[in-house]
Amino acid sequence: MSHSFRALMPKRLASTGRRRAAVLSLVPAVVLLCVPSGAQARDTAHFLPSPAGCSLSKGPWNCIAECESGGDWRKNTGNAFYGGLQFRQSTWKQYGGLAYAPRADLATRKEQIAVAERVRRTQGWSAWPYCAKRYGLGKRDRALSGLTGWKDARRDVGVEAVTPDRAVTPDR
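Numbering (mature numbering (1 follows the signal peptide of the UniProt record, and there is no 0)), first residue to last: -41 to -1, 1 to 131.
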């Protein structure tokens, strides 16, 4: 401590100034020991509670719905997004939602999830960018997807896979 600062301190505190300085100098070291870094942070991330108290063990769709619509599977606020997973009407129609209901907010939770699975197979979790990132779903999806994701996506939209024996060769 500087002498000018010590003069401003009451006498009682000045006598304990050295002790206080010693204790305060340890604070950064204690904080650094308590905060995981690098690999430790990655390894402990899945042990931390999910945001908003969502449990991925009950399935990712409940977490996405909690994030997107507050868990209200009948949500229709007039913002052109519908249901618990906040589908655009065009997405609902494109991925077969009309087989269940005219709009996502009129479909059951199970029906919305069925359509969401089709969307996820073609677009991945990026269809719900903020909420998927919030729960770490994008990383998991990329690790688990592969060529099977493309096969499922083509089947869902009615495109047959081209095999080498059926490949079209250009005329020369």
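Glycine included, each C-beta is placed from N, C-alpha and C at the ideal position. Predicted model, so just to flag it, every value in this text is computed and none were measured.
Since residue i and residue j are thought to touch, with beta carbons under 8 Å apart, how far apart are those beta carbons, to the nearest angstrom?
i	j	result
A63	G55	No, A63 and G55 are not in contact; Cβ-Cβ is about 12 Å, not under 8 Å.
A60	E70	7 Å
C26	R93	6 Å
A75	W20	6 Å
W32	G18	With 8 Å as the limit, W32 and G18 do not qualify as a contact, their Cβ atoms being about 13 Å apart.
What does the Cβ neighbour count give for residue i, buried or exposed, with the cut at 16 atoms within 10 Å?
i	result
G37	exposed
K34	buried
S28	buried
Counting along the chain, where does the alpha helix (DSSP H) carrying residue i start and finish?
i	result
S28	19 to 28
Q48	48 to 53
T81	68 to 82
P61	Premise fails: P61 is in no alpha helix (DSSP H) and is neither H nor E.
K92	88 to 93
Quick one: what does DSSP say residue i is sitting in, helix, strand or coil?
i	result
residue 142	Lying before the first or after the last residue shown, residue 142 is absent from the chain, which here runs from -41 to 131.
G97	helix
So which of the options has the shortest CA-CA distance to residue i?
i	options	result
A39	G29, T50, G30	T50
L65	L44, Q53, E76, S85	L44
C90	K69, C22, Q71, K52	C22
R79	A58, G97, S16, Y41	G97
T67	K17, A24, S16	A24
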